[in-house]
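So, in structure tokens, the structure goes:
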């Protein structure tokens, strides 16, 4: 009996050591709800409309190249399908715009039209009213916001929503120091201008299964036009993050479609909880 007990103990210890020797898995957990583009196969082939000026062209190119390193995305940059100022959505694709949207309070916006969990069209907007001011008029700020807003448009959320802690090395991490290094919360933290491996792992989870023939047709949207740049048109506030610097709104457009707007405010003052 003693020998048998020793054998069992030895087996448990052996299994425990074997498990401990395995690499620790990193579990991605920053999807934006259930939102994703419907598709019949992977990778997801998605056109991205270029409605940006020469100041932003390079940042859009870098962001698309970064996200195309994912095994489940195949993004193609195409000529824009909207005027930058209204930046209206086009069914079946993402439109990326920049313009002087004036002192609306917001620095960047990602808007998705959804039918259930499926994204039917999306836009990402950068507000030059703030990017032309000294605080945000840097390559690092432009790259961070471009990378992040485009990523929201295919269903990715943030890894971290605190602005004043050390960077995680991903554009899906809020920060007041996008280029990292001296001058922020840490003197040796990384840049937050590009995705990291955790983002690619999350995308693999979001797009792990094809939708096949069950993918819904795009809804027709609202009967009357709305000003997509005006907070008054975004519908009800459903989530407030980072002390009010980030908010999510939802508007029922009818015909089975909702508009979801995620906004990062340039100035947290009047937008807190």
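Residue numbers (the numbering used here): 600 to 872.
Each residue gets a CB set at the ideal place from its N, CA and C atoms; glycine is no exception.
Note that this is a predicted model, so its numbers are computed, not measured.
Taken through DSSP and simplified to helix, strand or coil, residue 638 comes out as coil.
Nearest Cα to residue 854 within the set 688, 630, 712, 687: 712.
The C-beta distance from residue 827 to residue 687 rounds to 7 angstroms, short enough to meet the 8 angstroms contact threshold. Contact check between the stretch 762-770 and the stretch 780-796: three or more CB pairs, one atom from each, fall below 8 angstroms, which counts as touching.
The Cβ atoms of residue 860 and residue 708 sit closer than 8 angstroms to each other. Below 8 angstroms, too few C-beta pairs join the stretch 677-684 and the stretch 830-847 to call them touching: fewer than three. For a cut-off of 8 angstroms, the C-beta gap from residue 647 to residue 677 is around 7 angstroms, short enough to register as a contact.
With fewer than three CB-CB distances shorter than 8 angstroms, the stretch 628-637 does not count as touching the stretch 651-662. Assignment of residue 717 by DSSP, reduced to helix, strand and coil, places it in the strand class.
According to the DSSP assignment, residue 695 belongs to the beta strand (DSSP E) that extends over 692-698. Residue 672 and residue 848 have their C-alpha atoms spaced approximately 26 angstroms apart. The distance from the Cβ of residue 726 to that of residue 705 is about 6 angstroms, consistent with a contact at the 8 angstroms cut-off.
Excluding residues up to 5 positions away in sequence, 697 lie with their Cβ nearer than 6 angstroms to the Cβ of residue 655 in the same chain. In this structure, the beta-carbon distance from residue 781 to residue 743 does not fall below 8 angstroms.
In the DSSP assignment, residue 725 is bridged to 697, 707.
Only residues of its own chain outside the window of five on either side were considered, and among them 728 have a CB closer than 7 angstroms to the CB of residue 702, listed in chain order. Residue nearest to residue 679 within the set 720, 750, 694 is 694 (criterion: CA-CA distance). In this structure, residue 794 and residue 746 form a Cβ contact; the two beta carbons are roughly 7 angstroms apart against a cut-off of 8 angstroms.
Annotation: the continuous beta strand (DSSP E) that includes residue 852 extends over 845-853.
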